[in-house]
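Asks:
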Amino acid sequence: MRTEELIESLVATAEPATPFLSPVRRALLWSVVAAACVGLGLLHFGVRGDEMSSWYRLGFTLRLVLLVSTMWLAVVAAFRLSVPGDDLRAWARWWPLVTLALLVLLVTADVVIEAAAGELGSPMRAWRCVRKMSYVGAFPAVVAIFLIQRAQAMEPKWALLLGVLAAGAAGAITSEIACPIHAPIHVLLWHVMPVAVSAVLGVSLGLLFSMRRVSRRGLARRAR
Amino acid sequence: MTPDQERQAGDWMSRAQKGDQGAYEQLLNLLAREARGFVGRRVGWADWVEDVVQETLLTVHRARRTYDPVRPFGPWFYAILNSRMIDALRSRKRVTMREVLDDDVLAAQPAPDRTPPASDVSETLARAVAALPRVQREVVSLMKYEDLSVREVAVRLGMSEAAVKTTAHRGYKGLRASVGGLLVENRRAD
């Protein structure tokens, strides 16, 4: 197909298209959905018995602050990356990974301190925490993926990594508030690591989508 | 694209978003011309330039809801164009590598000319530019291919002039390392 013909066909099929909201506004709306899911999750799973006193413990509060920061920074960066030309600030995509790394460092330091004191405890299996996180994070993840795919991310791997990471962080917030186990090794393995795993899942999805897009483009080119 | 054209394109796009097909047709024609020039300046004449132009127009069509009329049109459009050009360069590189690997007969062929064709040099350089980190790539492309001044690049990318200079310096250093390496390899092969 010649370019002039392509232009004619694009013009003929063009319908009015309302512009999307800005990435920050979309991130705000997504955060409202995520907060509602966290709230519903807490209603369903219940809140840990020592919730009120936990807020006075620096470690717990810091962990929650870092999780909320990871969630917010990741979702804003994901939606920015899904708009062409809105992603020039290269460092913006790294901030959520920095906060996640800080979270891992903080909890690892706790684990080391406990281990030095001989109170490490056993890293027992706690799939229940992962399940809580998955139930709560699933819907925000689907919404984030849908919104990223509807826009036109030039780097889908990064956009989906950050979108799914934000959903994982929302799920981990629920685990933190609902889970009664305080042991740092448990927090590291069953609350924090699954957030990192969610980022890996996001990258895999991004790879899948970009491979599909490339093969679809190849088919379309051959058809032209 | 000149600043006036950019403003005009932004205006056409916002009218196209409201359903004005005339404005949309003018916009796509302008973008096709711009894309052809942009890719041509980087890789010289190549038979796949028109493919990049068409891919870019298709992406602009699919992504038109992501354009925010209050923002400048240039960064939005060039991000799409750059991305489609890099995709094309990557897929061409894959095809070329496969062709070379599959073709053992190449070894028996006479040595090529010392001076590679101009389009090959441009393509190697374009590939090296495409491999730079994103911001360095934008800065180097705008300064060297579009002939924009440091101030114009700073305005277009929303950076300070000092940051543009530093980024350009790092970009040139990266290019020297990658393209210089290729030249040394070629000389050794000769």
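Chains A and B, in that order, are what the protein sequence lines are. No gaps in the numbering here: position 30 of the first sequence is 30 in the numbering used here, and each next residue is one more. Counting the second sequence from 1 gives a position; the numbering used here is that position plus 224. We put the beta carbon where it would ideally sit given N, CA and C, even for glycine. Computed from a predicted structure; not experimentally measured.
Report, in whole angstroms, the separation of the C-beta atoms of Ala352 of chain B and Leu305 of chain B, which I expect to be a contact under 8 Å.
Replies: Working through the second sequence from its first residue, we reach residue 352 of chain B at position 128. Working through the second sequence from its first residue, we reach residue 305 of chain B at position 81. 18 Å between Cβ atoms; not a contact.
Asks: Give me the chain A residues within the contact set of Thr283 of chain B, using Cβ-Cβ distance strictly less than 7 Å, ordered along the chain.
Replies: Position 59 of the second sequence, counted from the first residue, corresponds to residue 283 of chain B. Neighbours of Thr283 of chain B on chain A, chain order: Gln152.
Asks: Report all residues from its chain with a CB closer than 6 Å to the CB of Gln250 of chain B; omit the five preceding and five following residues, and keep chain order.
Replies: The residue you call residue 250 of chain B lines up with position 26 of the second sequence. Once the five neighbours on either side are set aside, the close Cβ partners of Gln250 of chain B are Trp236.
Asks: Might you give, ordered along the chain, the residues of its own chain that have their beta carbon closer than 6 Å to the beta carbon of Leu67 of chain A, omitting 5 neighbours on each side?
Replies: Counted from its first residue, the first sequence places residue 67 of chain A at position 67. Contacts found: Ala169, Ala172 and Ile173.
Asks: Using a 10 Å radius around the Cβ and a threshold of 16 neighbouring Cβ atoms, would you call Ile113 of chain A buried or exposed?
Replies: Sequence index remark: in the first sequence, residue 113 of chain A carries index 113 (1-based). Exposed is the call here.
Asks: Alpha carbon to alpha carbon, how far is Ala92 of chain A from Ile310 of chain B? Give it in angstroms, no decimals.
Replies: For the purposes of this step, residue 310 of chain B is identified with residue 86 of the second sequence, where counting begins at 1. For the purposes of this step, residue 92 of chain A is identified with residue 92 of the first sequence, where counting begins at 1. For Ile310 of chain B and Ala92 of chain A, the distance between alpha carbons rounds to 22 Å.
Asks: Tell me whether the beta-carbon of Gly395 of chain B lies closer than 7 Å to the beta-carbon of Val374 of chain B.
Replies: Counting from 1 along the second sequence, the entry for residue 395 of chain B is found at position 171. Counting from 1 along the second sequence, the entry for residue 374 of chain B is found at position 150. Cβ atoms of Gly395 of chain B and Val374 of chain B: not closer than 7 Å.
Asks: Return the CA-CA distance between His393 of chain B and Ala386 of chain B, expressed in angstroms with no decimal places.
Replies: Sequence index remark: in the second sequence, residue 393 of chain B carries index 169 (1-based). Sequence index remark: in the second sequence, residue 386 of chain B carries index 162 (1-based). The straight-line gap from Cα to Cα measures roughly 11 Å.
Asks: Evaluate contact between the region 148-156 of chain A and the region 59-76 of chain A, counting only Cβ atoms and requiring at least three cross-stretch pairs below 8 Å.
Replies: no
Asks: Let me confirm a value: Leu165 of chain A is counted as buried when at least 16 other C-beta atoms fall within 10 Å, else exposed. Which label applies?
Replies: Position 165 of the first sequence, counting from 1, holds the residue named residue 165 of chain A. So Leu165 of chain A ends up on the buried side.
Asks: Provide the residue span of the alpha helix (DSSP H) that contains Thr290 of chain B, from first to last.
Replies: The sequence position of residue 290 of chain B within the second sequence is 66, counting from 1. Where Thr290 of chain B is concerned, there is no enclosing alpha helix (DSSP H), given that its DSSP letter is neither H nor E.
Asks: Would you please verify whether the beta carbon of Leu10 of chain A is less than 7 Å from any beta carbon of chain B?
Replies: The sequence position of residue 10 of chain A within the first sequence is 10, counting from 1. Output row for Leu10 of chain A: interface = yes.
Asks: With a cut-off of 7 Å, does the C-beta of Pro16 of chain A fall near any C-beta of chain B?
Replies: One-based indexing of the first sequence puts residue 16 of chain A at position 16. Judged by the 7 Å Cβ criterion, Pro16 of chain A is in contact with chain B.
Asks: My output table needs one value for Pro227 of chain B: the three-state DSSP class, helix, strand or coil.
Replies: Mapped onto the second sequence, residue 227 of chain B falls at position 3. Of the three classes helix, strand and coil, the one that applies to Pro227 of chain B here is helix, per DSSP.
Asks: Should Phe20 of chain A be flagged as near chain B, meaning a C-beta pair shorter than 7 Å?
Replies: By one-based count along the first sequence, residue 20 of chain A stands at place 20. Yes, its Cβ sits closer than 7 Å to a Cβ of chain B.
Asks: Quick one: list the residues of chain A neighbouring Gly243 of chain B, beta-carbon separation under 8 Å, in chain order.
Replies: For this step, residue 243 of chain B is matched to residue 19 along the second sequence. Neighbours of Gly243 of chain B on chain A, chain order: Ala14, Glu15 and Pro16.
Asks: Could you tell me whether the Cβ atoms of Gly137 of chain A and Ile148 of chain A are closer together than 7 Å?
Replies: In the first sequence, residue 137 of chain A corresponds to position 137, counting from 1. In the first sequence, residue 148 of chain A corresponds to position 148, counting from 1. For Gly137 of chain A and Ile148 of chain A, no; Cβs fall outside 7 Å.
Asks: Put Ser22 of chain A into one of helix, strand or coil per three-state DSSP.
Replies: Taking the first sequence and counting its residues from 1, one reaches residue 22 of chain A at position 22. Reduced to three states, the DSSP call for Ser22 of chain A is coil.
Asks: Can you round the beta-carbon distance between Thr108 of chain A and Leu188 of chain A to whole angstroms, since I take them to be within the 8 Å contact cut?
Replies: Position 108 of the first sequence holds residue 108 of chain A. Position 188 of the first sequence holds residue 188 of chain A. That pair is a contact at about 6 Å.
Asks: Would you decide whether Val200 of chain A is buried or exposed? Buried here means 16 or more other CB atoms lie within 10 Å of its CB.
Replies: Your numbering for residue 200 of chain A matches position 200 in the first sequence. Exposed, because fewer than 16 other Cβ atoms sit within 10 Å of the Cβ of Val200 of chain A.
Asks: Under 7 Å between beta-carbons, which chain B residues line up against Pro84 of chain A? List them in chain order, please.
Replies: Looking up residue 84 of chain A in the first sequence gives position 84. Using a Cβ-Cβ cut-off of 7 Å, Pro84 of chain A is close to Ala287, Thr290, Trp300, Ala303 and Ile304 of chain B, given in chain order.
Asks: Quick one: list the residues of chain B neighbouring Leu6 of chain A, beta-carbon separation under 7 Å, in chain order.
Replies: Taking the first sequence and counting its residues from 1, the one referred to as residue 6 of chain A is at position 6. Gln278 and Leu281, listed in chain order.
Asks: Check the Cβ of Leu313 of chain B against every Cβ in chain A and list those closer than 7 Å, keeping chain order.
Replies: Here residue 313 of chain B refers to the residue found at position 89 when the second sequence is read from its first residue. Residues of chain A passing the Cβ test: none, with the nearest at roughly 13 Å.
Asks: Suppose you measure from the CA of Arg48 of chain A to the CA of Ile185 of chain A; what does that come to, to the nearest Å?
Replies: As a first step, residue 48 of chain A must be located in the first sequence, where it is residue number 48. As a first step, residue 185 of chain A must be located in the first sequence, where it is residue number 185. Whole-angstrom Cα-Cα distance: 18 Å.
Asks: Rank A:Phe20, A:Ala178 and A:Ile145 by C-alpha distance to the C-alpha of Ala167 of chain A and give the top, closest one.
Replies: Your numbering for residue 167 of chain A matches position 167 in the first sequence. Of the listed residues, the one whose Cα sits closest to Ala167 of chain A is A:Ile145.
Asks: Can you tell me whether DSSP reads His393 of chain B as helix, strand or coil?
Replies: Numbered from its first residue, the second sequence carries residue 393 of chain B at position 169. Helix, per DSSP.
Asks: In the DSSP assignment, find the unbroken alpha helix (DSSP H) run with Pro16 of chain A in it and report its ends.
Replies: Counted from its first residue, the first sequence places residue 16 of chain A at position 16. Pro16 of chain A -> no alpha helix (DSSP H), and no H or E assigned at all.
Asks: Closest to Gly46 of chain A by CA distance: which of A:Ser175, A:Val197, A:Ser198 and A:Met193 is it?
Replies: The residue given as residue 46 of chain A occupies position 46 in the first sequence. Out of A:Ser175, A:Val197, A:Ser198 and A:Met193, the CA that lies nearest to the CA of Gly46 of chain A is found in A:Ser175.
Asks: For Tyr248 of chain B and chain E, any beta-carbon pair shorter than 7 Å?
Replies: The question asks about chain E, but that chain is absent: this structure's protein chains are A and B.
Asks: Under 7 Å, Cβ to Cβ, is there at least one residue of chain A near Leu465 of chain B?
Replies: Outside the shown range of chain B (225 to 414) lies residue 465 of chain B, about which nothing can therefore be said.
Asks: Would you give the residue range spanned by the alpha helix (DSSP H) that Ser134 of chain A belongs to?
Replies: The sequence position of residue 134 of chain A within the first sequence is 134, counting from 1. Run containing Ser134 of chain A: Trp127 to Arg150, per the alpha helix (DSSP H) assignment.
Asks: Can you check whether the CB of Val388 of chain B is closer than 7 Å to the CB of Val377 of chain B?
Replies: Residue 377 of chain B sits at position 153 when you count from the first residue of the second sequence. Residue 388 of chain B sits at position 164 when you count from the first residue of the second sequence. It is a contact, given that the beta carbons lie within the stated cut-off.
Asks: Taking only beta-carbon positions, decide if Leu399 of chain B is within less than 7 Å of chain A.
Replies: Position 175 of the second sequence, counted from the first residue, corresponds to residue 399 of chain B. It does not; no Cβ of chain A falls within 7 Å.
Asks: Applying a beta-carbon distance threshold of less than 9 Å, which residues of chain A neighbour Ser307 of chain B?
Replies: Taking the first residue of the second sequence as 1, we reach residue 307 of chain B at position 83. Correct list: Pro84, Met154 and Glu155.
Asks: Apply the 10 Å Cβ neighbour rule to Leu208 of chain A and answer buried if 16 or more other Cβ atoms are within range, or exposed otherwise.
Replies: On the first sequence, residue 208 of chain A is found 208 positions in, with the first residue counted as 1. With fewer than 16 other Cβ atoms within 10 Å, it is exposed.
Asks: Inspect the beta-carbon positions of Glu347 of chain B and Val267 of chain B and report whether they are closer than 7 Å.
Replies: Mapped onto the second sequence, residue 347 of chain B falls at position 123. Mapped onto the second sequence, residue 267 of chain B falls at position 43. Yes. Within cutoff.
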